[in-house]
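**Q** Once you've had a glance at the structure underneath, I'll fire off some questions.
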Amino acid sequence: MDTVLRVDSIVTRFGRNQVHDGVSFCVGRGEVVALIGGSGTGKSVLLKEAIGLLRPTAGRIELLGQDLAAADEAQMNDLRRRFGVLFQDGALFSSLSVAENIAVPFREHTRVPEPLIAPLVGFKLSLVGLTPDTGAKAPAQLSGGMRKRVALARALALEPELLFLDEPTSGLDPIGARAFDALIRALADSLGLTVFMVTHDLDTLWSIIDRTIALAGGKVIADGPVGAVAASDNPWLKDYFSARAAHGGRDGT
Amino acid sequence: MEPSVSSPIQLASEASVDVLYLQGSWRLDRASTIADAVAALPLRPDRACVLDGSRLQELDTAAGFLLFHHLDEAGYAAAAIGTRRMNEHHARLLRLVHERMRCAPVPAPLSSPNAVQRIGKATLRMLRDLAEHNGFVGQVALELAALLKRPGLFRPKETVSQFESATVDAIPIVVLVTFLIGVVFAYLLGVQAQRYGATIFVVDGVGLAVCRELSPILVAVIVAGRSGAAFTAQIGSMKVQEEIDAISTLGLSPIQVLVIPRLVALAIGLPMLVFVGDVAGVAGGLLISTAQLGISTTAFVSRLHATLDLSAVIIGLAKAPVFALFIAMIACRMGMSVPRDARSVGEHTTATVVQSVVWVIVLDAVFAVILQALDI
Chain D
58 MDTVLRVDSI VTRFGRNQVH DGVSFCVGRG EVVALIGGSG TGKSVLLKEA
108 IGLLRPTAGR IELLGQDLAA ADEAQMNDLR RRFGVLFQDG ALFSSLSVAE
158 NIAVPFREHT RVPEPLIAPL VGFKLSLVGL TPDTGAKAPA QLSGGMRKRV
208 ALARALALEP ELLFLDEPTS GLDPIGARAF DALIRALADS LGLTVFMVTH
258 DLDTLWSIID RTIALAGGKV IADGPVGAVA ASDNPWLKDY FSARAAHGGR
308 DGT
Chain C
9 MEPSVSSPIQ LASEASVDVL YLQGSWRLDR ASTIADAVAA LPLRPDRACV
59 LDGSRLQELD TAAGFLLFHH LDEAGYAAAA IGTRRMNEHH ARLLRLVHER
109 MRCAPVPAPL SSPNAVQRIG KATLRMLRDL AEHNGFVGQV ALELAALLKR
159 PGLFRPKETV SQFESATVDA IPIVVLVTFL IGVVFAYLLG VQAQRYGATI
209 FVVDGVGLAV CRELSPILVA VIVAGRSGAA FTAQIGSMKV QEEIDAISTL
259 GLSPIQVLVI PRLVALAIGL PMLVFVGDVA GVAGGLLIST AQLGISTTAF
309 VSRLHATLDL SAVIIGLAKA PVFALFIAMI ACRMGMSVPR DARSVGEHTT
359 ATVVQSVVWV IVLDAVFAVI LQALDI
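So, in structure tokens, the structure goes:
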């Protein structure tokens, strides 16, 4: 299996605040990987570093075989067309309609003939489980779950090999969250996508994730299938995974 | 038909079916080539067709969609399209595309409204705005009445802090602008007056113009741009963050907490700023008169004393609270009526500035007409 994302002894410091202290891991092609960790452990920072929005203080990040620190702007742009990002609240352009939002990557980066853009946008909407009439709406008219789906359709527009998701199920109700999980897994399987997500959602971890990487104290404290990570002796991981068990216990009484 | 390697698709007729050989890379970046090649095929929708994947290297959903979209438009029934010699991944991808596109009619293109629709919409919006504004004025009036009954509701701390940011912090820019206007006005007037040897009348002109018209208008416009915009942005972002709802749930009135302190602060502060503007404007006139027109400071002051009616100054100061009321009410209502998305905060802030400035000018004209009729 070839490696899509290789993070090698990353150190990140903001002023005197040390966020990462030697973080290393790999993501292989076709894997669905989750990054977990408490608040302030630098998960989102790591995600931003992996997509080239932030630069680590030291260390090396290789994305799709390209060293990010060595990439010039043109190489970065080529790279950006090969991965998609789903931001936490969707980050849809509020001045454009849903259809126009999804059409942006087609118009900017491809030479799809103009008359085919509208059908293609309709297809992308149905790919993420939305009806094409959603296309005429403004992002402000959508519910949280629909916004995320539209953002996913936009992230998938350029047929990326790799998809980054920042807390994909946060702000969704449990039913919507599970449906979104199922959608991501189905797309990952049928499109052969590699997925790297930051998440807090235990249900997501148990249901669709191949491998879990846990971050604490600036280091990777666990890396493996979710079952193995959950069985870890680390106190934080124990607390984290028992949170659900505790809920279950209260509900049961 | 001669085989061409570069073409992404090739048609071959076999006994009962047409075979479409998908060739090479079927990816989004070759979309236009693929679309052209597919469109050029001599398709016969009455025969069944088979997609052959033996020469296919890469495939993505967009390219697959372009193919199915064309076959669909050409009139092929979904069941009449089969696949063969496709690798597992490509076959799965094509199945997904085919399955999803069947429920995907083309989204209706967004209709852009014509001129009549636009005028109609704008008219309705204006009427609704007017109605909402009246409602808001009524609400504020009721809250003010409640305040008279229970003075304890008044929030001195919030009022003082709004007064500071709207008035005290605005002094430097007010002084700068009115001083420069005094300079420019005295200079232009001086050039004309010098021709008739009547330079002393520049003092009359500057004093009257600055105190009665220029200072109130300029200060009101500055405040509309500075504090009006700030009020809308502050209240609007509170609305977006649901802070207004939180205020209501805590049993407080958002109007008492947010609107009235701003209203009072501006109504007290604007006349003070106008006075500062009067002084700075006259000082600007003084500078030009002494430097350019040869009028001594003593002569300037005694002429000003003799000719500038107190009523002119008072009229200027009296307009200010009215301007302040309009600016504060427009700004607060615009902030309160922000819907729950971040973009409208910007739109409403712009609307506040435009509406406030227009209203200031309109009110000034109304004042001029009334005062003329009253012969003041």
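So the sequence lines, in the order shown, correspond to chains D and C.
Just so we're aligned: the first sequence equals residues 58 to 310 in the numbering used here.
Just so we're aligned: the second sequence equals residues 9 to 384 in the numbering used here.
Where a beta carbon is used, it is the ideal one built from N, C-alpha and C, also for glycine.
1. Which term fits C:ILE378, buried or exposed, when burial requires 16 or more other beta carbons within 10 angstroms of its beta carbon?
2. Just the C-alpha distance for C:LEU138 and D:VAL161, rounded to the nearest angstrom, thanks.
3. Compare the Cα-Cα distances from C:ALA332 to each of C:ILE323, C:GLY236, C:ALA307 and C:SER120 and report the closest residue.
4. Could you give the residue range of the beta strand (DSSP E) that holds D:HIS77?
5. Around the C-beta of C:ARG220, are 16 or more other C-beta atoms found within 10 angstroms, so that it is buried, or is it exposed?
6. Counting only C-beta atoms, is D:PHE237 closer than 7 angstroms to chain C at any point?
7. Return no unless some Cβ of chain D is closer than 7 angstroms to the Cβ of C:ASP253.
8. Is D:ARG86 close to chain C, meaning its C-beta is less than 7 angstroms from at least one C-beta of that chain?
9. Could one say the Cβ of C:MET109 lies closer than 7 angstroms to chain D's Cβ atoms, at least one of them?
10. Could you tell me the alpha carbon to alpha carbon distance between C:PHE2 and C:VAL145, rounded to whole angstroms?
11. Mind checking if D:PRO170 is an interface residue toward chain C, Cβ cutoff 7 angstroms exclusive?
12. Any beta carbon of chain D sitting closer than 7 angstroms to that of C:LEU104?
13. So, under 8 angstroms CB-CB, D:VAL286 and D:ALA273 are touching, yes? Tell me the CB distance rounded to an integer number of Å.
14. Please state whether the Cβ-Cβ distance between C:ALA82 and C:PRO53 is less than 7 angstroms.
15. Run the proximity test for C:LEU222: is its beta-carbon closer than 6 angstroms to any non-hydrogen atom belonging to the ligand GTP?
16. With a cut-off of 7 angstroms, does the C-beta of C:LEU36 fall near any C-beta of chain D?
17. Starting from D:PRO292, find everything on chain C with Cβ-Cβ shorter than 7 angstroms and list it in chain order.
18. Please name the residue, chosen from D:VAL102, D:ARG73 and D:VAL61, that lies closest to D:ASP223 on a Cα-to-Cα basis.
19. Quick check on DSSP: helix, strand or coil for C:VAL124?
20. Which same chain residues end up closer than 8 angstroms to D:THR310 when comparing Cβ atoms and leaving out the 5 residues on each side of it in sequence?
21. Round the Cβ separation of D:GLY85 and D:THR60 to the nearest angstrom and send it over; I've been treating them as touching at under 8 angstroms.
22. For C:VAL290, which three-state DSSP category applies?
23. Spatial neighbours of D:ALA193 within its chain, please: CB distance less than 8 angstroms, with the 5 preceding and 5 following residues excluded, ordered by chain position.
24. Would a C-beta distance cut-off of 7 angstroms place C:ARG351 and C:ILE208 closer than the cut-off?
25. Which residues share a DSSP beta bridge with C:CYS57?
26. Determine the DSSP secondary structure at C:LEU64, reduced to helix, strand or coil.
27. Mind checking whether D:LEU149 and D:PRO196 have CB atoms under 7 angstroms apart?
28. Could you tell me whether the Cβ of C:ASP80 comes closer than 7 angstroms to any Cβ of chain D?
29. Mind checking who D:ARG70 pairs with in its DSSP beta bridge?
30. Three Cβ pairs or more, each shorter than 8 angstroms: is that satisfied between the segment 246-265 of chain C and the segment 145-155 of chain C?
31. Along chain C, in chain order, which residues have C-beta atoms closer than 8 angstroms to that of D:ALA271?
32. According to DSSP, simplified to helix, strand and coil, what is D:MET254?
33. Here's the rule: buried if 16 or more other CB atoms are within 10 angstroms of the residue's CB, otherwise exposed. What is C:ALA381?
34. Can you check whether the CB of C:MET109 is closer than 7 angstroms to the CB of D:PHE180?
35. Counting Cβ pairs, one atom from each stretch, are 3 or more of them under 8 angstroms apart for the segment 364-379 of chain C and the segment 320-335 of chain C?
36. Hey, how far is the Cα of C:LEU19 from the Cα of D:LEU177?
**A** Reading off the structure:
1. Here residue 378 of chain C refers to the residue found at position 370 when the second sequence is read from its first residue. Its Cβ having fewer than 16 others within 10 Å, C:ILE378 is exposed.
2. Taking the second sequence and counting its residues from 1, the one referred to as residue 138 of chain C is at position 130. Taking the first sequence and counting its residues from 1, the one referred to as residue 161 of chain D is at position 104. About 38 angstroms.
3. Looking up residue 332 of chain C in the second sequence gives position 324. If we check each option's Cα against that of C:ALA332, C:GLY236 comes out closest.
4. For the purposes of this step, residue 77 of chain D is taken as the residue at position 20 of the first sequence. Note, D:HIS77: beta strand (DSSP E), 74-85.
5. Numbered from its first residue, the second sequence carries residue 220 of chain C at position 212. It counts as buried.
6. For the purposes of this step, residue 237 of chain D is identified with residue 180 of the first sequence, where counting begins at 1. For D:PHE237, not one C-beta of chain C is nearer than 7 angstroms to its own C-beta.
7. In the second sequence, counting from the first residue as 1, residue 253 of chain C sits at position 245. No, no contact with chain D.
8. Locating residue 86 of chain D in the first sequence gives position 29, counting from the first residue. Answer no: the Cβ-Cβ gap between D:ARG86 and chain C never drops below 7 angstroms.
9. The sequence position of residue 109 of chain C within the second sequence is 101, counting from 1. Yes, contact with chain D.
10. The structure shown does not extend to residue 2 of chain C, since chain C spans only 9 to 384, so no value can be given for it.
11. As a working note, residue 170 of chain D is residue 113 in the first sequence. The C-beta of D:PRO170 comes closer than 7 angstroms to at least one C-beta of chain C.
12. Start at 1 with the first residue of the second sequence, and residue 104 of chain C comes out as number 96. Yes, C:LEU104 counts as interfacial toward chain D.
13. Your numbering for residue 286 of chain D matches position 229 in the first sequence. Your numbering for residue 273 of chain D matches position 216 in the first sequence. Your pair D:VAL286 and D:ALA273 does not check out as a contact, with CB atoms roughly 12 angstroms apart and the cut at 8 angstroms.
14. Along the second sequence, read from residue 1 onward, the residue named residue 82 of chain C stands at position 74. Along the second sequence, read from residue 1 onward, the residue named residue 53 of chain C stands at position 45. Yes.
15. This structure simply doesn't include the ligand GTP, nor any ligand for that matter.
16. Along the second sequence, read from residue 1 onward, the residue named residue 36 of chain C stands at position 28. So yes, C:LEU36 belongs to the interface.
17. Taking the first residue of the first sequence as position 1, residue 292 of chain D is located at position 235. Per Cβ cutoff of 7 angstroms: no residues; D:PRO292 is ~35 angstroms from chain C at best.
18. For the purposes of this step, residue 223 of chain D is taken as residue 166 along the first sequence, with counting starting at 1. D:ASP223 has its Cα closest to that of D:VAL102, out of D:VAL102, D:ARG73 and D:VAL61.
19. Translated into the one-based positions of the second sequence, residue 124 of chain C becomes position 116. In this structure, DSSP gives C:VAL124 a helical state, which the three-state scheme calls helix.
20. Sequence index remark: in the first sequence, residue 310 of chain D carries index 253 (1-based). With a pLDDT of only 38 at D:THR310, under the threshold of 50, the placement of this residue in the model should not be trusted; the figure read from the coordinates follows. Non-local C-beta neighbours of D:THR310 in its own chain, meaning closer than 8 angstroms and more than five positions away in sequence, are absent.
21. Position 28 of the first sequence, counted from the start, is the residue given in the question as residue 85 of chain D. Position 3 of the first sequence, counted from the start, is the residue given in the question as residue 60 of chain D. Between D:THR60 and D:GLY85 the Cβ distance is about 6 angstroms, and since that is below 8 angstroms, they are a contact.
22. Translated into the one-based positions of the second sequence, residue 290 of chain C becomes position 282. In the displayed model, C:VAL290 falls within a helix according to three-state DSSP.
23. Taking the first residue of the first sequence as 1, we reach residue 193 of chain D at position 136. Sequence-distant Cβ neighbours of D:ALA193 in its own chain, meaning closer than 8 angstroms and more than five residues away, are SER154, VAL155 and ALA156.
24. To locate residue 351 of chain C, count along the second sequence from 1; it is residue 343. To locate residue 208 of chain C, count along the second sequence from 1; it is residue 200. It is not a contact, given that the beta carbons lie outside the stated cut-off.
25. As a first step, residue 57 of chain C must be located in the second sequence, where it is residue number 49. Beta-bridge pairing links C:CYS57 to C:ASP26 and C:ILE89.
26. Residue 64 of chain C sits at position 56 when you count from the first residue of the second sequence. Strand, per DSSP.
27. Counted from its first residue, the first sequence places residue 149 of chain D at position 92. Counted from its first residue, the first sequence places residue 196 of chain D at position 139. Result yes, Cβ atoms of D:LEU149 and D:PRO196 sit closer than 7 angstroms.
28. If you number the second sequence from 1, residue 80 of chain C lands on position 72. By this cut-off, C:ASP80 is not an interface position.
29. In the first sequence, residue 70 of chain D corresponds to position 13, counting from 1. Answer by DSSP bridge pairing, in chain order: D:GLN75.
30. A contact between stretches requires three or more CB pairs, one per stretch, nearer than 8 angstroms, and the segment 246-265 of chain C meets this requirement with the segment 145-155 of chain C.
31. The count along the first sequence starts at 1 and reaches residue 271 of chain D at position 214. Listed by position along chain C, the residues whose Cβ is nearer than 8 angstroms to that of D:ALA271 form an empty set, because the closest Cβ is around 31 angstroms away.
32. Position 197 of the first sequence holds residue 254 of chain D. Strand.
33. The sequence position of residue 381 of chain C within the second sequence is 373, counting from 1. Exposed: under 16 other Cβ atoms inside 10 Å.
34. Within the first sequence, the letter at position 123 stands for residue 180 of chain D. Within the second sequence, the letter at position 101 stands for residue 109 of chain C. Yes, the Cβ-Cβ distance between D:PHE180 and C:MET109 is below 7 angstroms.
35. Yes, the segment 364-379 of chain C touches the segment 320-335 of chain C.
36. Looking up residue 19 of chain C in the second sequence gives position 11. Looking up residue 177 of chain D in the first sequence gives position 120. Rounded to whole angstroms, C:LEU19 to D:LEU177 spans 24 angstroms at the Cα level.
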